[in-house]
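The sequence shown begins at 622 in our numbering and counts up by one.
See below for the structure under consideration.
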Amino acid sequence: MIDEKLQPVLDQVLQRNPGEPEFHQAVREVLESLGRVIAKRPDYLNHALIERICEPERQIIFRVPWVDDQGQVQINRGFRVQFNSALGPYKGGLRFHPSVNVGIIKFLGFEQTFKNALTGMPIGGGKGGSDFNPRGRSDGEVMRFCQSFMTELYRHIGEYTDVPAGDIGVGAREIGYMFGQYKRLTNRYEAGVLTGKALFYGGSRARTEATGYGNAYFLQAMLATKGQSFDGRKVVVSGSGNVAVYSVEKVQSFGGKVIAVSDSSGYVVDEGGVDLELLKEIKEVRRGRVSDYVQLVGAGGRAHFVEAGTGSIWDVPCDVAMPSATQNELTGKDARTLVTNGVLAVGEGANMPSTPEAIRIFQEAGVMFAPGKAANAGGVATSALEMQQNASRDSWSFEQTEGRLSKIMHTIHDTCASTAEEYGAPGDYVLGANIAGFVRVAEAMRALGVI
Ligand code: NDP
Ligand code: 2IT
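Right, here's the structure in full:
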């Protein structure tokens, strides 16, 4: 339910941003949480502050022409939405996926603004990407695409302006090609302009692992509030990309047993526990599919594959669910199945992976639920640590960096929990995350005048 004073704000967002359902969904969720804030602090309704927070500061859309291996010219669309810079330079990933459009980038930029505020680091919110599909493209094609993308993007970014990183379809390889092109265009070795770089040219240790590890740390803290832990628990992780793989790694180190992973073609179940080294080999070295796992793991049919469309990974009974692929991948129906199967906790590794109906079902059933903007904030927090290292021309050890990450995740957890309690909804991490993130952004914006 949305407060009647905030309904006109939502109505205006819906009217001014037609055909952008993901953006509407993200804004509606935050506005629903803010009723309790304006009841205590009606002054937040002044000066169109909330309206301004829902409007990106700048939206850039550009043509990305490139030449494929057959010599044919291809055209894609590039985006960068610079959502809010009250707390620091715009910060957020770049997504390369055929489904990308301006509404998706706006939802991601909006979420990023509150997520980044929750980290406590000096970073604003932004997001970008392209409808380019890297699947099946050669290394040369990916490089030429990245170079063309950066040939336009470079004029809008910078260490003090906007600092992109990876997201779906963008990992260390793509960041490398984009950094190389930025360096040629600007004639500057500006390490802090991108994060997620490889170690040998300014990357941070533990950045690759950070999002998945961070979600596991958040869940560990949330489970502990009920005297629970990962030890001996069955865990299902959707996706098999960067976030999923390092969620599996950390959950295993905490004594949990990950029994299923997926990609857009389907999911694999291995009741014996997913073989992490094999999963990494398939995804990171071969750039293959999770279905390859079944044959490669061998061992007398220990694992099986279920094709997408014939079942859902959330049909696999588990104690902890970690949706780590994409938005709206976990539906109301999936949530009902998980609840029936006795799920204890859900930690969102992806951005907005649970539909609003799914979230309602979890909360009504008393399932501990960690929303993405809190649970997956470890990635961007470690990006901010990478910026710190770049600014001081330093390079920290893995232990030091992971130690900072773990502390940040526990602090975010405690902030969400105490904010939910303060606003009369103990245990509601959605409310806690939305309110704590909002208040930080709102206070900074007020201090800066009408911006
Ligand atoms: P990757 O590209 O490394 O992996 C994405 C995974 O999700 C792949 O297994 C992919 O399968 C699957 N996937 C993507 N789109 C779809 C889709 N439409 N339907 C079904 N499966 C899909 O991306 P990341 O691991 O980096 O990102 C995963 C999620 O985590 C995203 O929501 C991202 O925004 C979020 N996130 C990422 C952070 C990071 O640091 N990388 C930080 C915080 C959040 P396939 O290969 O078949 O496409
Ligand atoms: O959604 C996210 O937080 C990311 N893709 C990471 C952003 C970043 O700047 O590291």
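Think of the CB as a built atom: it goes at the ideal place given N, C-alpha and C, for glycine as much as any other residue.
This structure is a prediction, so every number in the text was calculated from the model and none was measured.
Alpha carbon of D884 to alpha carbon of S861, nearest angstrom: By one-based count along the sequence shown, residue 884 stands at place 263. By one-based count along the sequence shown, residue 861 stands at place 240. Near 6 Å, if we compare the C-alpha coordinates of S861 and D884.
At least three beta-carbon pairs within less than 8 Å, the segment 1044 to 1063 to the segment 864 to 883: No, the segment 1044 to 1063 is not in contact with the segment 864 to 883.
Cβ-based neighbour list, G656, same chain, cut-off 6 Å, excluding 5 preceding and 5 following: On the sequence shown, residue 656 is found 35 positions in, with the first residue counted as 1. Cβ within range, chain order: D624.
Reference I682; option with closest CA among G699, G757, I725: Counted from its first residue, the sequence shown places residue 682 at position 61. That would be G699, whose Cα lies nearest to the Cα of I682.
Whether A966 touches M989 by CB criterion (8 Å): Residue numbering aside, residue 966 sits at position 345 when the sequence shown is read from its first letter. Residue numbering aside, residue 989 sits at position 368 when the sequence shown is read from its first letter. With contacts defined by Cβ atoms closer than 8 Å, A966 and M989 form a contacting pair.
Spatial neighbours of N1011 in its chain, beta-carbon cut-off 7 Å, leaving aside the 5 residues before and after: As a working mapping, residue 1011 is identified with position 390 in the sequence shown. For N1011, where only same-chain residues beyond five positions count, the Cβ hits under 7 Å are A812, G813, G823.
Segment limits, alpha helix (DSSP H) that includes I681: Position 60 of the sequence shown, counted from the first residue, corresponds to residue 681. Element bounds for I681: not the alpha helix (DSSP H) but the beta strand (DSSP E), 679 to 688.
Option in G724, P719, Y803, G1058 with minimal Cα separation from N638: Residue mapping note: residue 638 aligns to position 17 of the sequence shown, counting from 1. Out of G724, P719, Y803, G1058, G724 has the C-alpha closest to the C-alpha of N638.
Residue closest to K1078, alpha-carbon to alpha-carbon, out of G987, D913, G909: Any answer about residue 1078 is impossible in this case: the structure gives the chain only from 622 up to 1072.
Completely contained beta strand (DSSP E) runs for the segment 979 to 1054, where each covers 3 or more residues: Every beta strand (DSSP E) of 3 residues or more that sits fully in the segment 979 to 1054 is shown, in chain order, as 989 to 991.
Whole-number beta carbon distance between M1066 and L670, since they are thought to touch under 8 Å: Numbered from its first residue, the sequence shown carries residue 670 at position 49. Numbered from its first residue, the sequence shown carries residue 1066 at position 445. That pair is a contact at about 6 Å.
For T740 and E1007, believed in contact at Cβ under 8 Å, the rounded distance: One-based indexing of the sequence shown puts residue 1007 at position 386. One-based indexing of the sequence shown puts residue 740 at position 119. Actually they are not in contact, since the Cβ atoms of E1007 and T740 sit about 13 Å apart, beyond 8 Å.
Check whether M1030 and G835 have beta carbons under 8 Å apart: For the purposes of this step, residue 1030 is identified with residue 409 of the sequence shown, where counting begins at 1. For the purposes of this step, residue 835 is identified with residue 214 of the sequence shown, where counting begins at 1. It is a contact, given that the beta carbons lie within the stated cut-off.
C-alpha distance - L897 paired with I744, whole-angstrom precision: Position 276 of the sequence shown, counting from 1, holds the residue named residue 897. Position 123 of the sequence shown, counting from 1, holds the residue named residue 744. C-alpha separation (whole angstroms): 33 Å.
C-beta contact flag for T829 and N863 at 8 Å: Locating residue 829 in the sequence shown gives position 208, where the first residue counts as 1. Locating residue 863 in the sequence shown gives position 242, where the first residue counts as 1. Result yes, Cβ atoms of T829 and N863 sit closer than 8 Å.
First through last residue of the alpha helix (DSSP H) which encompasses Q1073: Since the displayed the chain opens at 622 and closes at 1072, residue 1073 lies outside it and no answer follows.
S933, buried or exposed, once every other Cβ within 10 Å from all chains shown has been counted against 16: The count along the sequence shown starts at 1 and reaches residue 933 at position 312. Counting Cβ neighbours within 10 Å, S933 comes out buried, since at least 16 surround it.
Contact check, G999 vs M973, beta carbons under 8 Å: Residue 999 sits at position 378 when you count from the first residue of the sequence shown. Residue 973 sits at position 352 when you count from the first residue of the sequence shown. Against a cut-off of 8 Å, the Cβ pair of M973 and G999 comes out as no contact.
C-alpha distance - S859 paired with V1071, whole-angstrom precision: Here residue 859 refers to the residue found at position 238 of the sequence shown. Here residue 1071 refers to the residue found at position 450 of the sequence shown. For S859 and V1071, the distance between alpha carbons rounds to 42 Å.
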